[in-house]
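Number of protein chains: 2
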Amino acid sequence: MQSSGKQQKTKLREEAILEKAREVIIAEGTGALKMPELAKLSQVSVGTLYRHFESKQDIIAALASRALDARHQKLKLVKEQFQEPDERYLGVIMLDFLFNIAHPDVFQIEMACASPAFWEETQSFRHQSHQAVAKDISSFLQSVCSEISGPEADLKHLATGIWAFVSGMSLVWYGMPSKQQDNLEEALCFLRMHLINFIKGYGLQLSDAGGTFSHLEKHFLATKSQWLWALKGKPANDSH
Amino acid sequence: MQSSGKQQKTKLREEAILEKAREVIIAEGTGALKMPELAKLSQVSVGTLYRHFESKQDIIAALASRALDARHQKLKLVKEQFQEPDERYLGVIMLDFLFNIAHPDVFQIEMACASPAFWEETQSFRHQSHQAVAKDISSFLQSVCSEISGPEADLKHLATGIWAFVSGMSLVWYGMPSKQQDNLEEALCFLRMHLINFIKGYGLQLSDAGGTFSHLEKHFLATKSQWLWALKGKPANDSH
Chain W
4 MQSSGKQQKT KLREEAILEK AREVIIAEGT GALKMPELAK LSQVSVGTLY
54 RHFESKQDII AALASRALDA RHQKLKLVKE QFQEPDERYL GVIMLDFLFN
104 IAHPDVFQIE MACASPAFWE ETQSFRHQSH QAVAKDISSF LQSVCSEISG
154 PEADLKHLAT GIWAFVSGMS LVWYGMPSKQ QDNLEEALCF LRMHLINFIK
204 GYGLQLSDAG GTFSHLEKHF LATKSQWLWA LKGKPANDSH
Chain L
4 MQSSGKQQKT KLREEAILEK AREVIIAEGT GALKMPELAK LSQVSVGTLY
54 RHFESKQDII AALASRALDA RHQKLKLVKE QFQEPDERYL GVIMLDFLFN
104 IAHPDVFQIE MACASPAFWE ETQSFRHQSH QAVAKDISSF LQSVCSEISG
154 PEADLKHLAT GIWAFVSGMS LVWYGMPSKQ QDNLEEALCF LRMHLINFIK
204 GYGLQLSDAG GTFSHLEKHF LATKSQWLWA LKGKPANDSH
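If you read the sequences in order, they're chains W and L. Under the numbering used here, residues 4 to 243 are what the first sequence spells out, in order. Under the numbering used here, residues 4 to 243 are what the second sequence spells out, in order.
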């Protein structure tokens, strides 16, 4: 019992540290994250901070894994709430993109992890657990694809294509000058034409992609709070 | 005359600082770049370093702009060396991707810039000059596309699609576990099927995309040194 109480305390402290780290990243970017300052913000000693996380990269990795997991949970909601395979498929791609646009901090954290050198700086269990979450979301994407593709489709290839498509579109969106980066409506307009090309290219037959897209677009925008979310993993009684 | 000599000296010193910064990034990633250490490595005082670059972000931005410009020059070579529009088009996309795979430091630098918060930390002229380089490469992509698309094609849309496609594919490549990240041959195999889907989706009629792709693939791999390059902008007599 005592040991589980201690585990619980450790977990809560890590949550608190991660939440502070996220606040720094939102305000100033991953480059501004520094261990001594983070210790101060989290009200722990530098030694305690390093007992929880060996490096700044460990913190970014932990945030990335929980972001990917949160993304996965929301994408699963699309699958549960929509009945039609076309809606599920398009809805998952659209929400995956909206996730990046509505949460620049998440996008930035994921970009930081997407470099070859990054994982060399983290503890190996961080990389393993991140890969496990990535594998889960990839299996999920494959299951969504399986409902609309023919029996001979290469589902892994298709899921890889979605991942690349959404990442690429998000990168381009953030690279565009003079855009209101967080204008979800405009971002979806931008996505639409490219998504229709993507579907065509991968040979998927959706009966009315344009109609389904605009129906989902309205739905997502009208019920934003249901679909979008922060990275928070802190207990519900926290006021942040 | 004296003033131009001074300008020359300033330029050389900036080149030397940027080259050192790039070495740090290659070895340890953008996260490891720190101004005091960089000053020491570049054999200038911290004050001098800050006179040239106001922040770490300014340095990354300068490296990103020169990387984008170097990329542009190499892509232009494809256009000049190949006569057939199909070869030019596919060659540009393939080399754009190879550039990311062969130069993980470049890719990492570009990822660091692709966050909404990044440019807020740089001097505004850095952002402007980066946007100018980005605009040049976008016009170039549009001109390559214009040779193979119909008269009604939206060239800007097509160029945006290429940019997103190559970025997304590179991200996925770097995110894949257990790959030899720098294996160019495997990377091109990975690209091939997705590129063919991309062409299909955007409605481009290439007479023999598969054949042209494999011909270009052999050519690029056999003449790597001609197509790939480092970011170095230092004078030729430097031994690095």
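Glycine residues also receive a C-beta, built at the ideal position from the N, C-alpha and C atoms. Given the structure is predicted, the values throughout are model-derived calculations rather than measurements.
Spell out whether any CB of chain L is found under 7 Å from the CB atom of residue i.
i	result
Thr125/W	no
Ala117/W	yes
Trp230/W	no
Tyr53/W	no
Going by DSSP, what residue range makes up the alpha helix (DSSP H) through residue i?
i	result
Thr51/L	49 to 55
Thr215/L	212 to 225
Gln111/W	107 to 116
Ala135/L	127 to 149
Leu41/L	38 to 44
Determine, using beta carbons only, whether residue i comes closer than 7 Å to chain W.
i	result
Leu71/L	no
Met114/L	yes
Asn200/L	yes
His197/L	yes
Gln145/L	no
Ala64/L	no
Tyr92/L	no
Trp122/L	no
Phe168/L	yes
Gly153/L	no
Thr226/L	no
Met172/L	yes
Gly213/L	no
Val175/L	yes
Does DSSP classify residue i as helix, strand or coil?
i	result
Asp157/L	coil
Gln11/L	helix
Tyr92/W	helix
Tyr205/W	coil
Ile62/L	helix
Asn200/W	helix
Leu80/W	helix
Met97/L	helix
Glu87/W	coil
Trp176/L	helix
Asn240/L	The predicted model places Asn240/L with a pLDDT of 36, which falls under 50 and marks its position as unreliable, so this point remains unresolved.
Ala73/W	helix
Trp166/L	helix
Ala120/L	coil
Asn186/L	coil
Gly34/L	helix
Buried or exposed: which applies to residue i, given that a residue is buried once 16 or more other Cβ atoms fall within 10 Å of its Cβ?
i	result
Leu224/W	exposed
Pro107/L	buried
Ser146/L	exposed
Ala30/W	exposed
Thr51/L	exposed
Ser242/L	Legend: pLDDT at Ser242/L = 38, less than 50; position of this residue unreliable, value from coordinates given subsequently. Exposed, because fewer than 16 other Cβ atoms sit within 10 Å of the Cβ of Ser242/L.
Gln131/L	exposed
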